[in-house]
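Here is the structure we will look at, set down as structure tokens.
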Amino acid sequence: MKAAAFGYHAPEGAAEAVSLLAGLGEDAKPIAGGQSLVPMLALRLAMPEHLVDLRRADDLRGVERRNGDLWIGAMTSQAAIEGSAAVARDVPLLARATPLIGHFQIRNRGTLGGSLSHGDAAAEYPAVALALGARFEVLSPRGRRTVAAADFFTGVYETDLAEDEILTGAAFPVRRDRSGFAVEEFARRRGDFAIAGAAVAVELDPGGRVARCGIGLFGLGSTPLRAAAAEAAVTGTDAAGVEPDDVGAAAMAGLDAVPGDLHASAEHRTLVGAAVVARAWRKAVDEAVHESLQEAADA
215 MKAAAFGYHA PEGAAEAVSL LAGLGEDAKP IAGGQSLVPM LALRLAMPEH LVDLRRADDL
275 RGVERRNGDL WIGAMTSQAA IEGSAAVARD VPLLARATPL IGHFQIRNRG TLGGSLSHGD
335 AAAEYPAVAL ALGARFEVLS PRGRRTVAAA DFFTGVYETD LAEDEILTGA AFPVRRDRSG
395 FAVEEFARRR GDFAIAGAAV AVELDPGGRV ARCGIGLFGL GSTPLRAAAA EAAVTGTDAA
455 GVEPDDVGAA AMAGLDAVPG DLHASAEHRT LVGAAVVARA WRKAVDEAVH ESLQEAADA
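Encoded structure:
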């Protein structure tokens with residue numbers, strides 16, 4: 215099939231983009247890298263009357279420190295994130311998740327903002343944002359606002375964005391001492407959407423107890439999820455005494471429902487989900503412990 219006819223608009227910046235969206239109304243849709251929207255257009259699952267292409271909006275690109283966080287522009291490509299030394303140093307969980315997204319051709323075109331705004335429950339970036347407690351910057355003709363990642367994903371492919379709003383960037387907390395990060399997923403083939411995946415961020419206090427834990431889940435619900443019950447269970451405990459399998463079990467027990475489909479039954483997806491959470495937890499804690507030991511040795 216081919217996409218239905220639509221009007222094409224290419225604004226030069228974010229302000230012009232939201233002005234266009236406001237003027238064109240509910241029949242307009244922004245497009246970033248197009249890796250999700252273009253197939254939907256071709257299948258006529260989406261038929262907007264107008265497309266507002268953000269590729270020329272250079273003010274939506276970049277990676278820089280802002281107010282102690284690492285800010286990444288919404289139109290920054292996944293390939294640029296993958297190759298960024300600043301991301302690898304300051305937000306390693308995001309750097310480690312990026313190579314798992316599709317194939318390099320996808321990452322050359324796909325963007326941070328496109329993935330987050332699409333809100334796919336099986337995508338890596340939303341889970342990473344949840345695990346890290348990222349904050350999203352949103353622009354409309356009414357001005358700018360900030361939305362916590364925990365409040366952004368509202369339903370199946372639905373987000374907190376209004377029709378005349380665009381995501382301009384995301385602020386990720388910079389890694390701190392005694393922290394560890396890991397992302398694990400299981401897919402039938404490399405590059406496929408994961409049947410289940412987990413992004414884990416752990417921070418230890420000087421005594422080796424869990425000061426903070428973030429567990430983002432993907433492929434395990436109708437929206438990107440955070441395993442709040444498992445996080446609460448391990449926070450304040452001695453990390454060395456926590457059994458990874460118990461963390462995985464707690465993460466799955468805290469979910470309302472795990473979906474089943476042609477790729478995996480709900481039961482199978484639950485088993486896989488518990489396993490990837492446990493594996494990611496173990497790796498993240500091992501890294502945090504190593505960081506603590508290195509810090510002590512350097513003191």
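Counting with the numbering used here, you get residues 215 to 513 for the letters of the sequence shown. Just so you know, even glycine gets a beta-carbon here, dropped at the ideal spot from N, CA and C.
By alpha-carbon positions, which one of the options ends up nearest to residue i?
i, options, result
"Pro225", "Ser250, Pro253, Asp273", "Asp273"
"Asp267", "Ala228, Ala300, Leu259, Val461", "Ala228"
"Tyr222", "Ser250, Leu257, Met261", "Met261"
"Asp365", "Arg356, Ala348, Ser354", "Ala348"
"Gly430", "Arg258, Ala311, His264", "Ala311"
"Glu457", "Asp334, Glu445, Ala492, Leu439", "Ala492"
"Tyr371", "Leu234, Leu259, Val490, Ala494", "Leu259"
"Gly247", "Glu240, Ala271, Leu238", "Ala271"
"Asp334", "Thr449, Pro438, Pro387", "Pro438"
"Phe407", "Ser329, Asp500, Arg269", "Ser329"
"Ala489", "Ser506, Ser479, Ala480, Asp459", "Asp459"
"Val252", "Gly297, Leu314, His332, Ala299", "His332"
"Ala363", "Arg440, Ser298, Thr449, Arg496", "Arg440"
Are residue i and residue j close, meaning C-beta to C-beta below 7 angstroms?
i, j, result
"Met254", "Arg275", "no"
"Ile286", "Leu326", "yes"
"Val232", "Asp452", "no"
"Phe350", "Ala376", "no"
"Ala443", "Gly462", "no"
Ignore the nearest five residues each way along the sequence and tell me which others in residue i's own chain have a CB closer than 6 angstroms to its CB.
i, result
"Ala293", "Arg321, Asn322"
"Ala447", "Ala464"
"Gly405", "Gly316, His317"
"Glu278", "Trp285"
"Val240", "The question names Val, yet the displayed sequence has Glu at residue 240. The residues are Glu377."
"Gln249", "Ile320, Arg323, Gly324"
"Ile295", "Val301, Thr312"
"Arg359", "Val352"
"Met466", "Thr484, Gly487, Ala488"
"Glu445", "Cys427, Ile429"
"Ser479", "none"
"Arg496", "Pro458"
"Ser291", "Thr325"
Looking only at its own chain, which residues have a Cβ that is under 7 angstroms from the Cβ of residue i, when we skip the five neighbours before and after it?
i, result
"Leu307", "Val342, Ala345, Leu346, Phe395, Val397, Ala413, Ala415"
"Ala498", "Gly394, Phe395, Ala396, Val414, Ala415, Val416"
"Gly357", "none"
"Phe220", "Pro262, Glu263, His264, Leu265"
"Pro244", "Ala231, Leu235, Val266, Leu268, Ile380"
"Leu238", "His264"
"Asp500", "Gly394"
"Gly450", "Arg423, Val424"
How close, in whole Å, do the beta carbons of residue i and residue j come, if the pair is a contact with beta carbons under 8 angstroms?
i, j, result
"Ala309", "Ala256", "Actually they do not touch by this definition, with Cβ atoms about 32 angstroms apart."
"Leu418", "Ala502", "5 angstroms"
"Ala454", "Gly421", "With a Cβ gap of about 11 angstroms, Ala454 and Gly421 do not count as contacting."
"Ile409", "His504", "About 30 angstroms; that fails the 8 angstroms criterion."
"Asp374", "Thr382", "About 14 angstroms separates the two Cβ atoms, so there is no contact after all."
"Ala236", "Pro355", "5 angstroms"
Short of 8 angstroms in beta carbon distance, which residues of its chain neighbour residue i, apart from the five on each side in sequence? Order them along the chain.
i, result
"Arg514", "This structure leaves residue 514 out entirely; the chain is present only between 215 and 513."
"Val388", "Arg279, Gly282, Asp283, Leu284, Asp304, Val305"
Cβ of residue i within 6 angstroms of any heavy atom in the ligand NAD?
i, result
"Arg402", "Although the ligand NAD was asked about, the structure shown includes no ligands whatsoever."
| message | Using 8 angstroms as the cut-off, can you tell me whether the region 431-439 makes contact with the region 477-492, which would need three or more C-beta pairs spanning the two stretches below that distance? | response | Yes: the two stretches touch, three or more of their Cβ pairs being nearer than 8 angstroms.
| Touching by the beta-carbon criterion (3+ pairs, under 8 angstroms), the region 401-418 and the region 327-342 | These segments touch.
| message | Does the contact criterion of 3 or more C-beta pairs under 8 angstroms hold for the region 467-476 versus the region 396-406? | response | No, because fewer than three Cβ pairs between the region 467-476 and the region 396-406 fall closer than 8 angstroms, the two stretches do not touch.
| request: Assess, as a yes-or-no matter, whether the region 383-393 is touched by the region 414-428 under the definition of 3 or more beta carbon pairs within less than 8 angstroms. | output: Counting Cβ pairs under 8 angstroms, three or more are found: they touch.
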